[in-house]
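What follows is one structure encoded as structure tokens, with my remarks underneath.
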Amino acid sequence: MMPAIRTEGLSKAFTLHLQGGTRIPVLGGVDLAVHPGECVALWGPSGAGKSTLMRCLYGNYGAGAGRIMLRHGAGEIDLVSADPRDVIAARRETLGYVSQFLRVIPRVATRDIVAEPMIARGVPREEALARGTALLHRLNLPERLHGLPPATFSGGEQQRVNLARGFAPGYPVLLLDEPTASLDAANRAVVMALINEAKAAGTAIIGIFHDAEVREAVADRLFEVLPHQDAA
Amino acid sequence: MNTSEAPSASGATTLEGYNFAYLDEATKRMIRRALLKAVAIPGHQIPFGGREMPLPYGWGTGGIQVTASILGPEDRLKVIDQGSDDTTNAISIRRFFTRVAGVATTEHTAEASVIQTRHRIPERLLREDQIMVYQVPQPEPLFRLEPRRVETKRLHALADYGLMHVRLYEDIARLGHIAKAYDYPVMVNGRYLMSPSPIPAFDNPKMDRMPALQLFGAGREKRIYAIPPYTDVRSLDFEDHPFRPIRAPQACALCGSRDTYLDEVITDDRGGRLFVCSDTDFCAERQADAAKEAAE
Amino acid sequence: MTTPLLTAEGLNLHFGAIAALRDVAIDITAGEVVAIVGESGSGKTTLLRVLSGLMAPDSGTVRWLGQDVHAMGEAARRRLMRTDWGFVHQNPRDGLRLAVSAGGNVGERLMAVGARHYGNIRGEALSWLAKVEIDATRIDDLPRTFSGGMQQRLQIARTLVTRPKLVFMDEPTGGLDVSVQARLLDLIRSLSRELGLAVLIVTHDIAAARLLADRILVMRRGEVVEQGLTDRVLDDPQHPYTQLLVSSVLAA
Chain G
1 MMPAIRTEGL SKAFTLHLQG GTRIPVLGGV DLAVHPGECV ALWGPSGAGK STLMRCLYGN
61 YGAGAGRIML RHGAGEIDLV SADPRDVIAA RRETLGYVSQ FLRVIPRVAT RDIVAEPMIA
121 RGVPREEALA RGTALLHRLN LPERLHGLPP ATFSGGEQQR VNLARGFAPG YPVLLLDEPT
181 ASLDAANRAV VMALINEAKA AGTAIIGIFH DAEVREAVAD RLFEVLPHQD AA
Chain H
233 MNTSEAPSAS GATTLEGYNF AYLDEATKRM IRRALLKAVA IPGHQIPFGG REMPLPYGWG
293 TGGIQVTASI LGPEDRLKVI DQGSDDTTNA ISIRRFFTRV AGVATTEHTA EASVIQTRHR
353 IPERLLREDQ IMVYQVPQPE PLFRLEPRRV ETKRLHALAD YGLMHVRLYE DIARLGHIAK
413 AYDYPVMVNG RYLMSPSPIP AFDNPKMDRM PALQLFGAGR EKRIYAIPPY TDVRSLDFED
473 HPFRPIRAPQ ACALCGSRDT YLDEVITDDR GGRLFVCSDT DFCAERQADA AKEAAE
Chain B
529 MTTPLLTAEG LNLHFGAIAA LRDVAIDITA GEVVAIVGES GSGKTTLLRV LSGLMAPDSG
589 TVRWLGQDVH AMGEAARRRL MRTDWGFVHQ NPRDGLRLAV SAGGNVGERL MAVGARHYGN
649 IRGEALSWLA KVEIDATRID DLPRTFSGGM QQRLQIARTL VTRPKLVFMD EPTGGLDVSV
709 QARLLDLIRS LSRELGLAVL IVTHDIAAAR LLADRILVMR RGEVVEQGLT DRVLDDPQHP
769 YTQLLVSSVL AA
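What follows is the structure, given as structure tokens:
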């Protein structure tokens with residue numbers, strides 16, 4: 001079976017021009033392949049580049065070398081070299097990302113933030129709102145918060161908004177960056193259930209899970225990210 | 233001042249030492265060229281080298297120059313001001329042409345070959361062998377909306393007249409109807425937006441497909457424009473607020489007419505008032521006809 | 529990928545010895561929001577003026593659906609400006625008629641393209657005032673009685689009423705209070721999505737660019753030094769100038 005997403009020789013370094021051009025290599029020659037229905041946990045010490053790899057996979061960071069091939073539509077696109085418009089289309093249709101922090105949009109209500117990616121994929125507005133609301137309920141976010149912009153929400157509440165937004169559309173590939181970091185046990189269980197349901201539905205998942213219990217419950221295998229040899 | 237006067241063909245005395253109809257022949261040719269251009273592009277304003285006239289601006293110097301350029305010795309001139317032949321302005325212009333051109337004059341619309349006007353179009357239908365000359369204070373219909381002359385020229389060139397409709401929209405929004413009662417903008421030949429000069433909107437429909445040639449002269453602004461005979465002239469409006477020629481809903485106190493434009497005359501200081509035809513010649517004819525019928 | 533609406537190549541423009549544009553290329557496709565960022569004097573407003581046909585480049589071409597914008601006649605360009613294009617000025621006074629009511633301002637573009645039914649024009653004006661969150665009771669008021677933020681929203685309504693395909697915006701939140709800016713940005717964001725508008729927005733506000741734009745171009749001294757996906761350019765800037773620009777923004 002063809003992987004849903006794979007990297008070939010992916011390398012990433014940062015050049016800090018404001019600090020005399022210091023070059024910080026982070027990733028070197030990463031080869032990762034994740035198949036539909038599979039959940040891979042990135043594993044490695046802090047600062048080894050797990051988050052950097054996640055951001056590269058989303059196209060949020062560029063890459064110095066290598067390719068990131070994403071199964072998208074009828075074919076594959078290379079997120080490293082693709083036109084930005086194609087990356088945007090891939091993010092709309094294929095590739096979801098739940099970051100640790102919600103980027104709050106001024107004045108937009110929680111239920112609209114959750115519905116937005118579904119509407120962008122062509123889901124009718126009413127249906128998108130209904131699906132989003134159901135998911136927010138499942139994540140125990142009280143109804144009275146659904147009409148408010150999440151700017152004033154607690155960290156845990158914001159994270160649940162983020163999770164609902166990421167899970168609701170049903171992307172074929174989902175990237176999860178510490179999805180349970182600020183959640184209580186009950187909500188952690190909900191997230192584990194969501195991940196397992198997504199896997200069963202054929203979603204390929206790559207995650208960073210610091211919580212061992214969650215990791216063991218959802219990950220099929222670990223992918224080790226080691227500090228780059230050249231790193232100082 | 234002692235000026236010598238000689239008898240003219242029409243029997244009146246003409247001033248010596250002036251060219252026929254006051255303007256020199258070179259100036260007349262220049263104005264005629266502008267007129268030909270104006271006729272060729274109906275409704276389009278043509279600049280011309282307007283001359284100083286022995287009357288102040290606002291007294292019809294534009295119309296006078298146009299009349300002077302088209303007048304021949306055989307012409308018969310009628311001058312009206314507010315529909316009347318006997319206001320100061322009408323009389324002085326008529327006298328001017330009597331003295332510098334020696335042409336015959338008339339107060340009867342039917343007898344005139346050239347009619348110079350301010351503020352009205354005669355009620356009687358005009359003929360192909362007649363010419364209307366309008367005195368125009370402000371030839372630019374967009375003047376109050378767009379003060380930059382360069383920009384209004386561009387708007388005309390591009391037939392970009394949304395702005396004029398904005399003005400009409402504003403009237404309806406504020407007053408419930410289009411408030412322009414005179415100088416009501418028209419589209420000429422489906423192409424150029426034109427100011428019809430300060431005639432009442434009531435007269436606008438008379439311009440449409442008029443058999444007579446219509447010439448417009450603006451002296452201070454030095455612009456000439458024209459409507460050739462039988463040209464389409466449409467008053468701007470909205471589909472749901474169509475143009476309506478408005479007149480006082482009365483009958484003329486003198487001739488009884490119910491379809492002519494009326495002037496309101498205050499008869500005393502106790503609020504007494506009277507509505508009479510603004511076109512004095514037309515009214516007088518109707519009264520004469522009625523008297524004749526009554527006599528028969 | 530769909531064919532771009534607007535394509536510009538090899539744009540150069542000098543003001544005396546100063547290069548305002550240096551070999552700039554850009555294209556924009558239907559429905560995408562592209563931000564041009566850079567500091568004052570970087571050439572971003574000049575680029576907007578050249579792209580919208582208001583200013584001619586020394587060399588290079590700008591094409592709208594394949595047609596050379598600078599070779600077409602003024603009549604065609606103006607027609608474009610009031611149909612397929614819109615322009616939102618930094619100062620609403622440059623984009624509004626201050627002596628004409630709010631409704632008249634919104635209706636003008638409709639009337640310019642031939643709308644002649646007062647009731648329909650007024651209905652459209654009301655619906656657009658609602659879209660930009662201006663109370664219907666203000667429809668007959670003059671814009672000079674509006675606050676700066678309202679004037680800017682009115683300008684946007686006036687521009688979008690004819691459903692343009694591409695809107696040029698020059699620092700649309702420029703002179704506004706921060707709270708007012710957020711509301712306006714949100715409005716631009718939701719309207720552009722709802723209508724599938726392509727927007728080319730010039731701004732020096734990095735946060736606004738991040739919120740609105742799919743793609744971003746970073747300009748410096750007339751040159752595009754970096755461009756790409758908005759979040760990639762802002763989170764992983766490559767060019768020294770972009771790194772400086774991004775690091776100079778206060779986090780909020």
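Protein chains in written order, with this note's numbering: chain G, 1 to 232; chain H, 233 to 528; chain B, 529 to 780. All C-beta atoms, glycine included, are put in the ideal place defined by N, C-alpha and C.
Any idea which residues DSSP pairs H:GLN367 with across the strands?
-> The residue you call residue 367 of chain H lines up with position 135 of the second sequence. Paired residues: H:GLY449.
Would you mind telling me which residues of chain B sit closer than 8 Å to H:ILE404, beta carbon to beta carbon, in chain order?
-> Locating residue 404 of chain H in the second sequence gives position 172, where the first residue counts as 1. The contacting residues are TYR646.
Could you please give the first and the last residue of the uninterrupted alpha helix (DSSP H) stretch that includes B:ALA545?
-> The sequence position of residue 545 of chain B within the third sequence is 17, counting from 1. Neither: B:ALA545 is in no alpha helix (DSSP H) and is coded neither H nor E.
Check the Cβ of B:LEU772 against every Cβ in chain G and list those closer than 9 Å, keeping chain order.
-> Position 244 of the third sequence, counting from 1, holds the residue named residue 772 of chain B. By Cβ distance, chain G contributes HIS17, LEU18.
Assuming B:LEU527 contacts B:LEU576 under a Cβ cut-off of 8 Å, what Cβ separation, rounded to an integer in Å, is found between them?
-> One cannot answer for residue 527 of chain B here, as it falls past the ends of chain B, which runs 529 to 780.
Label B:LEU582 either buried or exposed according to how many other C-beta atoms from any shown protein chain fall within 10 Å of its C-beta, with 16 as the threshold for buried.
-> On the third sequence, residue 582 of chain B is found 54 positions in, with the first residue counted as 1. The residue is exposed, with fewer than 16 neighbouring Cβ atoms inside 10 Å.
Quick one: Cα of G:HIS210 to Cα of G:MET54, how far?
-> The count along the first sequence starts at 1 and reaches residue 210 of chain G at position 210. The count along the first sequence starts at 1 and reaches residue 54 of chain G at position 54. Going by the C-alpha atoms only, they are around 14 Å apart.
Going by C-alpha distance, which of H:ILE278, H:VAL271, H:ARG386 is nearest H:GLU453?
-> Mapped onto the second sequence, residue 453 of chain H falls at position 221. That would be H:ILE278, whose Cα lies nearest to the Cα of H:GLU453.
Taking C-alpha atoms, which residue in B:PRO671, B:VAL660, B:PHE696 lies nearest to B:LEU618?
-> By 1-based counting over the third sequence, the position of residue 618 of chain B is 90. In the sequence on display, residue 618 of chain B carries Gln and not Leu. For the residues B:PRO671, B:VAL660, B:PHE696, the minimum Cα distance to B:GLN618 belongs to B:PHE696.
Can you tell me which of H:CYS509, H:ALA253, H:VAL298 puts its alpha carbon nearest to the alpha carbon of H:ARG455?
-> Translated into positions along the second sequence, residue 455 of chain H becomes position 223. Of H:CYS509, H:ALA253, H:VAL298, the residue nearest in Cα terms is H:VAL298.
In angstroms with no decimal places, state the Cα-to-Cα distance between H:ARG356 and H:ASP256.
-> Sequence index remark: in the second sequence, residue 356 of chain H carries index 124 (1-based). Sequence index remark: in the second sequence, residue 256 of chain H carries index 24 (1-based). Whole-angstrom Cα-Cα distance: 34 Å.
B:GLU560: contacting residues in chain G (beta-carbon distance under 7 Å) = The residue you call residue 560 of chain B lines up with position 32 of the third sequence. Result: ARG85.
Residue ranges of each beta strand (DSSP E) within the stretch 371-437 of chain H, 3 or longer = 418-420, 424-426
For G:TYR58, collect the residues of the same chain with a Cβ closer than 7 Å to its Cβ; drop the 5 residues on either side in sequence, then sort them by chain order.
-> Taking the first residue of the first sequence as 1, we reach residue 58 of chain G at position 58. These residues qualify, in order along the chain: LEU95, TYR97, LEU175.
Can you tell which of B:VAL708, B:SER587, B:ALA736, B:GLY559 has its C-alpha closest to the C-alpha of B:ALA547?
-> Locating residue 547 of chain B in the third sequence gives position 19, where the first residue counts as 1. Per the Cα distances, B:SER587.
Neighbour list for B:LEU739 in chain G, Cβ cutoff strictly below 7 Å | Here residue 739 of chain B corresponds to residue number 211 of the third sequence, with the count starting at 1. Per Cβ cutoff of 7 Å: ILE105.
Neighbourhood of G:ALA134 by C-beta distance below 6 Å, restricted to the same chain and skipping five residues each side | As a working mapping, residue 134 of chain G is identified with position 134 in the first sequence. Excluding positions up to five away in sequence, the list is empty.
Between the stretch 714-731 of chain B and chain G, which residues of the former have a C-beta closer than 7 Å to a C-beta of the latter?
-> ASP714
Buried or exposed by the 16-neighbour rule on C-beta atoms within 10 Å, applied to H:HIS388 = If you number the second sequence from 1, residue 388 of chain H lands on position 156. Result: buried.
Have a look at G:SER51 and B:THR701 and give me their C-alpha separation to the nearest angstrom.
-> One-based indexing of the first sequence puts residue 51 of chain G at position 51. One-based indexing of the third sequence puts residue 701 of chain B at position 173. One C-alpha to the other measures close to 34 Å.
Should the stretch 431-439 of chain H be regarded as contacting the stretch 598-614 of chain B, the criterion being three or more beta carbon pairs within less than 8 Å?
-> no
Determine, using beta-carbon pairs with one atom in the stretch 646-664 of chain B and one in the stretch 486-504 of chain H, whether at least three such pairs fall under 8 Å.
-> no
Is DSSP giving B:GLY635 helix, strand or coil here?
-> Position 107 of the third sequence holds residue 635 of chain B. DSSP places B:GLY635 in helix when its eight states are reduced to three.
Once you ignore the five residues that flank H:ALA391 on each side, which residues in its own chain have a CB closer than 7 Å to its CB?
-> The residue given as residue 391 of chain H occupies position 159 in the second sequence. The residues are ARG423.
Partners in chain B for G:ASN162, counting only beta-carbon separations shorter than 8 Å = Residue mapping note: residue 162 of chain G aligns to position 162 of the first sequence, counting from 1. Near G:ASN162 there are no residues of chain B at all, since even the closest Cβ is about 15 Å away, more than 8 Å.
Have a look at G:VAL114, G:ARG131, G:VAL108 and flag the residue whose alpha-carbon is nearest the alpha-carbon of G:PRO149.
-> Stepping through the first sequence from its first residue, residue 149 of chain G is reached at position 149. Here the closest residue by C-alpha is G:VAL108.
Terminal residues of the continuous alpha helix (DSSP H) containing B:VAL774?
-> Translated into the one-based positions of the third sequence, residue 774 of chain B becomes position 246. Start and end: 768-775.
Using a threshold of 8 Å, state whether the C-beta atoms of H:PRO373 and H:PRO417 are closer than that.
-> Along the second sequence, read from residue 1 onward, the residue named residue 373 of chain H stands at position 141. Along the second sequence, read from residue 1 onward, the residue named residue 417 of chain H stands at position 185. Going by C-beta atoms, H:PRO373 is nearer than 8 Å to H:PRO417.
In chain order, which continuous runs of the beta strand (DSSP E) of length 3 or greater are located wholly inside the stretch 664-751 of chain B?
-> 694-698, 726-731, 743-748
Indicate whether G:GLY9 and G:THR15 have their beta-carbon atoms separated by less than 8 Å.
-> For the purposes of this step, residue 9 of chain G is taken as residue 9 along the first sequence, with counting starting at 1. For the purposes of this step, residue 15 of chain G is taken as residue 15 along the first sequence, with counting starting at 1. No, these two residues do not count as a Cβ contact at 8 Å.
Could you check if B:GLY622 is buried or exposed, using at least 16 other CB atoms within 10 Å of its CB as the buried criterion?
-> Mapped onto the third sequence, residue 622 of chain B falls at position 94. According to the sequence as given, residue 622 of chain B is Asp; it is not Gly. With fewer than 16 other Cβ atoms within 10 Å, it is exposed.
Hey, is the stretch 313-320 of chain H in contact with the stretch 480-490 of chain H, meaning 3+ C-beta pairs nearer than 8 Å?
-> no
Does the Cβ of G:PRO142 have 16 or more other Cβ atoms within 10 Å, making it buried, or fewer, making it exposed?
-> Locating residue 142 of chain G in the first sequence gives position 142, counting from the first residue. The residue is exposed, with fewer than 16 neighbouring Cβ atoms inside 10 Å.
Please list the partners that B:ASP759 has in chain G, where partner means a Cβ-to-Cβ separation under 7 Å.
-> Within the third sequence, the letter at position 231 stands for residue 759 of chain B. Here the neighbours are ASN60.
Which runs of the alpha helix (DSSP H), 4 residues or longer, sit entirely within the stretch 154-181 of chain G?
-> 155-167
How would you list, in chain order, the residues of chain B whose beta-carbon sits under 8 Å from the beta-carbon of G:ILE5?
-> Counting from 1 along the first sequence, the entry for residue 5 of chain G is found at position 5. None at all; the shortest Cβ gap to chain B is about 17 Å.
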